[in-house]
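What follows is a set of notes on a single structure, which appears directly below.
Chains as they are written, first to last, in my numbering: chain H, 202 to 370; chain E, 65 to 202.
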């Protein structure tokens, strides 16, 4: 696989990789590093990419695994990620989120979900993948994806209703 | 979109039974300005999804690893180290060799000097002999 061909295959989903990494690793810098690392790995394995039906799904699986490894090594060295510890770059998203408190509240609700549910919300509700694709990416059964997604959505909904009724977060 | 069908879609949405197309309808409805008051709590959720999808990677991606440079640098450093150790060792050997030759030469000189001195004594005796001979045969 030549460089131009490689770039054509892998570049279209770079933002998706980045957003998935950020969902798990929280900080923008960490997510950027993870994306960079993932693309090294893809480039090194470029010969094998032709064997995969969907390079994108393969990349997403790799991203998930890489981020889990990062999180594990962080926990092992007692450096848990706390969102407030990071000074985020002023991205357009960040500013928009700050404009709307209730939207950033949703961000926190998703952050508090179990890792698996976080991933599924990210892949389905934000990236809009089909259940079959998500199942392949996360190496689980489509029915399990549905069950987890339903649980995650219901949790978020309940929290939102609570917040809405009390008017506090 | 009718309110009743939005409510039905929401129900399906919570059970994770909606299709991507149906979820798009929900996203569209909840980012519009006409949301039924009793569904307002969903607004932030669907706007969050829509906003989140717009976030992009701003840092350019490099395909050539920085780590490779470190690898090559360390290889270069070890080669330099090996060469310097080798030449250093050679120099040391040469110096040792030179010292050995110097000591040998000095030894030879010493030997020469000793024998020369012996010769001098013999010559002195010869001198003495000459003087006595001159006294006798005047």
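The beta-carbon is built from N, C-alpha and C at its ideal position, and this holds for glycine as well. Since we're looking at a predicted model, the values are computed, not measured.
Only buried fits residue 233 of chain H, as 16 or more other CB atoms lie within 10 angstroms of its CB. Each of H:314, H:249 and H:224 was checked against the Cα of residue 207 of chain H, and the nearest Cα belongs to H:249. Secondary structure of residue 272 of chain H (DSSP, three-state): helix. Collapsing the DSSP output to three states places residue 245 of chain H in a helix. Under the three-pair Cβ rule at 8 Å, the region 235 to 244 of chain H does not count as touching the region 299 to 317 of chain H. Rounded to the nearest angstrom, the gap between the Cα atoms of residue 228 of chain H and residue 347 of chain H is 28 Å. Counting C-beta pairs with one atom in each stretch, the region 87 to 94 of chain E and the region 349 to 359 of chain H have fewer than three that are closer than 8 Å, which means they do not touch.
Residue H:220 holds the alpha-carbon nearest to the alpha-carbon of residue 119 of chain E among H:220, H:340, H:361 and H:264. Scanning its chain for C-beta atoms nearer than 7 Å, with the 5 sequence neighbours on each side dropped, one finds no residue around residue 142 of chain E. For residue 100 of chain E, there is no enclosing alpha helix (DSSP H), as DSSP marks it with neither H nor E. Taking C-beta separations shorter than 6 Å and ignoring five residues to either side along the sequence, the partners of residue 264 of chain H in its chain run 218, 221, 222 and 239, following chain order. Residue 325 of chain H: not part of any alpha helix (DSSP H); DSSP gives it neither H nor E.
Straight-line spacing of the CA atoms in residue 187 of chain E and residue 179 of chain E works out to 12 Å.
Judged by DSSP secondary structure, residue 75 of chain E falls within the alpha helix (DSSP H) whose first and last residues are 67 to 78. With a cut-off of 8 Å on Cβ pairs, the region 145 to 152 of chain E is not in contact with the region 330 to 346 of chain H, counting fewer than three such pairs.
In this structure, the CA atom of residue 100 of chain E is about 30 Å from the CA atom of residue 224 of chain H.
Distance from residue 324 of chain H to residue 338 of chain H at the Cβ level is roughly 7 Å; contact confirmed, criterion being Cβ atoms closer than 8 Å. Not a single CB atom of chain H sits nearer than 7 Å to the CB of residue 70 of chain E.
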